[in-house]
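*Asks:* Offset between the sequence shown (1-based) and our numbering: plus 75.
The beta carbon of each residue, even a glycine, is placed where N, CA and C say it ideally should be.
Owing to the predicted nature of the structure, the values given are computational and were not obtained by experimental measurement.
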Amino acid sequence: MRKKMIQKAFLLLGVAFFSSALAVSVYSYKDNKNKGAENIEGAAPEVVFNQPAMHSVAYTGKAGFQTDFTEAAERSVNGVVHIKSTAMRAARQQQSMDPFEFFFGNRGNQMPQQQRPVEGFGSGVIISKDGYIITNNHVVEGATEIEVTLNDNRSFSAKLIGRDPSTDIALLKIEADNLPIIPFGDSDALKVGEWVLAVGNPFNLTSTVTAGIVSAKGRGNVFARRGGEMKVESFIQTDAAVNPGNSGGALVNIQGELVGINTAIYSETGSYAGYSFAVPISIAAKVVADLKQYGTVQRAVLGITITDVTSHLAKEKDLKVVEGVYVNGFADRSSAKEAGVEEGDVITAVNGVKVKTVSELQEQISRHRPGDKVVLQINRNGKAKDITVELRNMQGSTSVVKTVGFEALGAAFKELSPEKRRQYGVSGGVEVTGLTSGKFKEAGIAKGFVILSVNDIRVATPDDLEKVIDKVLQGAADDRGLFIKGFYPNGKTKYYAIDLAE
76 MRKKMIQKAF LLLGVAFFSS ALAVSVYSYK DNKNKGAENI EGAAPEVVFN
126 QPAMHSVAYT GKAGFQTDFT EAAERSVNGV VHIKSTAMRA ARQQQSMDPF
176 EFFFGNRGNQ MPQQQRPVEG FGSGVIISKD GYIITNNHVV EGATEIEVTL
226 NDNRSFSAKL IGRDPSTDIA LLKIEADNLP IIPFGDSDAL KVGEWVLAVG
276 NPFNLTSTVT AGIVSAKGRG NVFARRGGEM KVESFIQTDA AVNPGNSGGA
326 LVNIQGELVG INTAIYSETG SYAGYSFAVP ISIAAKVVAD LKQYGTVQRA
376 VLGITITDVT SHLAKEKDLK VVEGVYVNGF ADRSSAKEAG VEEGDVITAV
426 NGVKVKTVSE LQEQISRHRP GDKVVLQINR NGKAKDITVE LRNMQGSTSV
476 VKTVGFEALG AAFKELSPEK RRQYGVSGGV EVTGLTSGKF KEAGIAKGFV
526 ILSVNDIRVA TPDDLEKVID KVLQGAADDR GLFIKGFYPN GKTKYYAIDL
576 AE
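#1: What residue ranges within the region 368-401 form continuous beta strand (DSSP E) runs of no fewer than 3 residues, ordered along the chain?
#2: Are Ile158 and Ser203 close, meaning C-beta to C-beta below 8 Å?
#3: CB Ala375 to CB Arg444, shorter than 8 Å?
#4: At the level of alpha carbons, what is the spacing between Tyr207 and Ile532?
#5: Which of the three DSSP states, helix, strand or coil, is assigned to Lys234?
#6: Where does the unbroken beta strand (DSSP E) through Leu451 begin, and where does it stop?
#7: Please tell me whether Val507 and Phe524 are closer than 8 Å, where the distance is taken between their beta carbons.
#8: Which residue comes first and which comes last in the beta strand (DSSP E) that contains Asp263?
#9: If the criterion is Cβ atoms closer than 8 Å, does the pair Gly446 and Ala406 meet it?
#10: Kindly list the residues whose CB is nearer than 6 Å to the CB of Asp365, restricted to its own chain and excluding five residues on each side of it in sequence; keep chain order.
#11: Decide yes or no for the touch test of the region 216-224 against the region 237-251: beta carbon pairs closer than 8 Å, at least 3 of them.
#12: Are the region 276-295 and the region 431-438 in contact at 8 Å, needing three or more beta carbon pairs?
#13: Which class does Ile440 belong to by DSSP, given the choice of helix, strand or coil?
#14: Could you name the residues of the same chain whose beta carbon sits closer than 7 Å to that of Ala286, not counting the 5 residues immediately before and after it, in chain order?
#15: Compute the Euclidean distance between the alpha carbons of Ser409 and Tyr401, then round it to the nearest angstrom.
#16: Out of curiosity, what's the CA-to-CA distance linking Ser171 and Ser282?
#17: Counting only runs that start and end within the region 310-365, where is the beta strand (DSSP E) found for 3 or more residues in a row?
#18: Tell me the residue span of the alpha helix (DSSP H) that contains Lys560.
#19: Report the three-state DSSP secondary structure of Ala147 (helix, strand or coil).
#20: Can you tell which of Gly331, Glu541 and Ala414 has the C-alpha that lies nearest to the C-alpha of Ser528?
#21: Helix, strand or coil for Asp62 per DSSP?
#22: Quick one: what's Glu220 bridged to in DSSP?
#23: Which residue wins for smallest C-alpha separation from Gly556, given the options Val155, Asp227 and Phe515?
#24: Could you tell me whether the region 458-474 touches the region 482-491, where touching means 3 or more Cβ pairs closer than 8 Å?
#25: Tell me, please, whether the CB atom of Arg467 is closer than 8 Å to any CB atom in chain D?
#26: How many angstroms separate the CA atom of Leu235 from the CA atom of Gln439?
#27: Give the range of the alpha helix (DSSP H) segment to which Lys542 is assigned.
#28: Taking 6 Å as the limit between beta carbons, can you name the residues of its chain near Ala339, skipping five residues before and five after?
#29: Confirm, please, whether the CB-CB distance from Asn454 to Gly415 is below 8 Å.
#30: Excluding the 5 residues preceding and the 5 following Lys429 in the sequence, name in chain order all residues of the same chain whose CB lies nearer than 7 Å to its CB.
See the structure below:
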């Protein structure tokens, strides 16, 4: 009995010793492991929910790459400029009608209007060392004066080279050398969730940098179309804070490369409300290249009417795919139809690049000029097919159109003052106040000439004149003429014909 008790006691002591040794060993192992891990940045936490080890939020999926924005900000902030544009706007005067004005032709405008300068502010991006600057069309539209201020506080008067309302892009030029530029990046390589910086001048706060991620790509149908004008919308959507004044500024990637031009915000208040939109540099770069080289954008079209493929449409039309662009019909002179595209086809890719929406298709085609050839991947009744299409312009031609813009007229204008309207006995007109080399001087128009109408359309302000000319420039290539009627202060009526196409 005594012997059994002694054996049992030794057994219990052995178990206790083994347990203590095991506990000490485990603790020592874990303590040494933790001490070793203290010197390892980004050490993986313990797996609790059976998920793979993850780095802390300060790291991205790229090994050793930290989300530090300072280098990208330093590379881009000096390449973004502040733009002040001055436009003349009509201000209705609250005063009684002058009987003299009534009897001498001012019946259509019961309240005389005067022009007053209105200032607008925005941003721009330097894209060449010799002073070419890209911005938004709406920043400089209608401007009579454009002032550019660099990040080092130097100011320059800028010349408008050209603008494109369809993409809301404009090109300016200042006379300077060795300017800091922001190099073009690859907007196609951007991924949803990737960090980007917005650089600009919100609320006139110069050199402001905000950060966000790419929320979506190829975003279309964001803004209402005005006057039936074709819009090219394939925006980069971000959640970087963008406010009034950021328009025309830079959207850059972590490497400090230009990937977009900040254009608009989606807001009911007019200020940042969570989403902002930028024109991809893949579109903007082609637009400004055209404006510099040709004076107008060489816009290529397929000549088709299209809509997004939806589940409802796929069911209604018995389509075999649920993503792509459905062909509804064709224009009168359709290069796509001539190449073999049929109504009911679904375009799924352009040159191997998938397109799921109309905006994505527009983005791919907008990179090309009339005369270029593209390969459309289509799905027809469940069968894939490649069709090569030679693109044309809106007039059905493959030739490059070279035109001049409003600024190339080489003249300065102002609205006739009330005193001069009384003196000349007219209800309104636009006076030529100065001339440089350009279309007006070549046609023989002299300083002091008063323009009454262009192509039988009455003009009373420089804005009226610009609208008529813009409409002419958007017309057919072989119909870009101006027939100008007016008179000189001596009372002599004159007519001038100007051809805006080269």
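*Replies:* Concretely, from the data shown:
#1: You should have 379-383.
#2: no
#3: yes
#4: In this structure, the CA atom of Tyr207 is about 35 Å from the CA atom of Ile532.
#5: DSSP, read as helix, strand or coil, puts Lys234 in strand.
#6: Lys448 to Arg455
#7: yes
#8: Counting along the chain, Asp263 falls outside any beta strand (DSSP E), and DSSP gives it neither H nor E.
#9: no
#10: The beta carbon of Asp365 sits closer than 6 Å to those of Val372 and Gln373, all from its chain and outside the five residues before and after it, given in chain order.
#11: Verdict: yes, contact present.
#12: yes
#13: helix
#14: Phe144, Trp270, Leu272 and Ala315
#15: Each residue's Cα considered, the two are about 16 Å apart.
#16: Here Ser171 scores only 47 on pLDDT, less than 50, and its place in the model should not be relied on; the value that follows carries that caveat. Each residue's alpha carbon lies about 48 Å from the other.
#17: The qualifying runs are 310-313, 325-327, 333-340 and 351-355.
#18: Note, Lys560: premise wrong, no alpha helix (DSSP H); beta strand (DSSP E) at Gly556 to Phe562.
#19: helix
#20: Glu541
#21: Outside the displayed span of the chain (76 to 577) sits residue 62, for which this structure offers no information.
#22: Partner(s): Thr161.
#23: Closest option to Gly556, Cα to Cα, is Phe515.
#24: Remark: fewer than three beta-carbon pairs, one from each stretch, lie closer than 8 Å, so the region 458-474 and the region 482-491 are not flagged as touching.
#25: No chain D appears in this structure, which consists of one protein chain only.
#26: Per the coordinates, the alpha-carbon of Leu235 lies some 27 Å from the alpha-carbon of Gln439.
#27: Pro537 to Leu548
#28: Cβ neighbours of Ala339 beyond the five flanking positions: Phe352.
#29: no
#30: Here the set comprises Thr423.
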